[in-house]
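See below for the structure under consideration.
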Amino acid sequence: EDKVVQSPLSLVVHEGDTVTLNCSYEVTNFRSLLWYKQEKKAPTFLFMLTSSGIEKKSGRLSSILDKKELFSILNITATQTGDSAVYLCAPNNNDMRFGAGTRLTVKP
Amino acid sequence: DAGVIQSPRHEVTEMGQEVTLRCKPISGHNSLFWYRQTMMRGLELLIYFNNNVPIDDSGMPEDRFSAKMPNASFSTLKIQPSEPRDSAVYFCASSYGGTDTQYFGPGTRLTVL
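Those sequence lines, one after another, are chains A and B.
Counting in the working numbering, the first sequence runs from 141 upward without gaps.
Counting in the working numbering, the second sequence runs from 15 upward without gaps.
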């Protein structure tokens, strides 16, 4: 059975801290891994990763995929209160199973 | 672009009633996904369509749930009869074939009393 595990489940930091969120997966027919940010509304797309070892960056956020070890990390540097959200990862195959998410709280 | 449009945004109904949720994908997108999100189970894929054809409905909880996509710009998710355990936020998302980026609608919050 496909499995997606995110860690930590919850994280509380102060503004300016750097955080690393983890996503490990075991799925069949893997095509890509997606990261989403969900605040109070619908998830918004952050990154799609298809190749190992190639970092994708968007401002203070970056992500990388390791297809051999079956995990991905999402880094956020110089965190801000606006980064507070649930971060979801989803390995994209025919099943599109989402992880439970990491709830990040950034305090002023 | 208006993004993915869902209606209604909120629905409160009584157990046993039929509920129909609607979705209009982003114009030009040819894949459409229905998700359900609850506190207990997180985000779950229910069904997805490619070029209006249902590809995988293994996530549909039971026969009370059905989804249709009569054309490229409209899809419905129907629950008949509804039960209190169906209470959740239902998201519709669309993507363009060849890319995996899905764009989510605002969701429909369903409450079944």
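Even glycine gets a Cβ: it sits at the ideal position worked out from N, Cα and C.
Since the structure is predicted, the reported quantities are computational estimates derived from the model, not experimental observations.
Item to complete: Would you mind stating whether Thr168(A) and Tyr176(A) have Cβ atoms separated by less than 8 Å?
Response: In the first sequence, counting from the first residue as 1, residue 168(A) sits at position 28. In the first sequence, counting from the first residue as 1, residue 176(A) sits at position 36. No; because the gap between Cβ atoms is not below 8 Å, this pair is not in contact.
Worksheet item: Is Tyr104(B) close to chain A, meaning its C-beta is less than 8 Å from at least one C-beta of that chain?
Response: Looking up residue 104(B) in the second sequence gives position 90. So, not an interface residue.
Fill in: Contacting residues, own chain, Cβ-Cβ under 6 Å from Ser150(A) (five flanking each side not counted)
For the purposes of this step, residue 150(A) is taken as residue 10 along the first sequence, with counting starting at 1. Hits under 6 Å: Arg243.
Practice prompt. Pull up the DSSP beta-bridge partners for Arg243(A), would you.
Written response: The residue you call residue 243(A) lines up with position 103 of the first sequence. Bridge partners of Arg243(A): Ser150(A) and Val226(A).
Worksheet item: Alpha carbon to alpha carbon, how far is Gly119(B) from Phe105(B)?
Response: Translated into the one-based positions of the second sequence, residue 119(B) becomes position 105. Translated into the one-based positions of the second sequence, residue 105(B) becomes position 91. Each residue's alpha carbon lies about 6 Å from the other.
Worksheet item: Any idea which residues DSSP pairs Ser198(A) with across the strands?
Response: Along the first sequence, one-based indexing puts residue 198(A) at 58. Bridge partners of Ser198(A): Leu201(A).
Worksheet entry | Rounded C-alpha distance that separates Trp48(B) from Ser172(A) | Within the second sequence, residue 48(B) is the residue found at index 34, counting from 1. Within the first sequence, residue 172(A) is the residue found at index 32, counting from 1. Those two C-alpha atoms are separated by around 19 Å.
Worksheet item: Name the chain B residues whose beta carbon is nearer than 7 Å to that of Phe238(A)?
Response: As a first step, residue 238(A) is located in the first sequence; it is residue number 98 there, counting from the start. Within 7 Å Cβ-Cβ: Gly56 and Leu57.
Worksheet item: Can you tell which of Thr190(A), Glu155(A) and Leu174(A) has its C-alpha closest to the C-alpha of Thr245(A)?
Response: Locating residue 245(A) in the first sequence gives position 105, counting from the first residue. When each option's Cα is compared against that of Thr245(A), the closest is Glu155(A).
Worksheet item: Which residues mark the beginning and the end of the beta strand (DSSP E) in which His43(B) is found?
Response: Position 29 of the second sequence holds residue 43(B). No beta strand (DSSP E) contains His43(B), which DSSP labels as neither H nor E.
Worksheet item: Does the beta carbon of Phe170(A) sit closer than 8 Å to a beta carbon anywhere in chain B?
Response: For the purposes of this step, residue 170(A) is taken as residue 30 along the first sequence, with counting starting at 1. No, Phe170(A) does not count as interfacial toward chain B.
Worksheet entry | Partners in chain B for Lys181(A), counting only beta-carbon separations shorter than 9 Å | On the first sequence, residue 181(A) is found 41 positions in, with the first residue counted as 1. Phe118, Pro120 and Gly121, listed in chain order.
Worksheet item: By Cβ distance, which residues of its chain are closer than 6 Å to Glu28(B), with the 5 residues on each side in sequence left out?
Response: In the second sequence, residue 28(B) corresponds to position 14, counting from 1. Leu127, listed in sequence order.
Worksheet item: Given a threshold of 16 other Cβ atoms within 10 Å of its Cβ, counted over all protein chains shown, does Arg55(B) qualify as buried or as exposed?
Response: As a working note, residue 55(B) is residue 41 in the second sequence. The residue in question, Arg55(B), is exposed, as its Cβ has fewer than 16 Cβ neighbours within 10 Å.
Worksheet item: Exposed or buried, Arg23(B), counting other C-beta atoms within 10 Å across all chains shown (16 or more means buried)?
Response: Locating residue 23(B) in the second sequence gives position 9, where the first residue counts as 1. Answer is exposed; the Cβ neighbour count stays below 16.
Worksheet entry | Helix, strand or coil at Pro84(B) [DSSP, three-state] | By one-based count along the second sequence, residue 84(B) stands at place 70. Strand at Pro84(B).
Worksheet item: Is there a Cβ from chain B that is less than 8 Å from the Cβ of Gly241(A)?
Response: By 1-based counting over the first sequence, the position of residue 241(A) is 101. Taking Cβ atoms only, chain B reaches closer than 8 Å to Gly241(A), which makes this a yes.
Worksheet item: Based on the DSSP secondary-structure assignment, which residues constitute the bridge partners of Thr184(A)?
Response: Your numbering for residue 184(A) matches position 44 in the first sequence. For Thr184(A), which the question treats as bridged, DSSP gives the partners Lys177(A).
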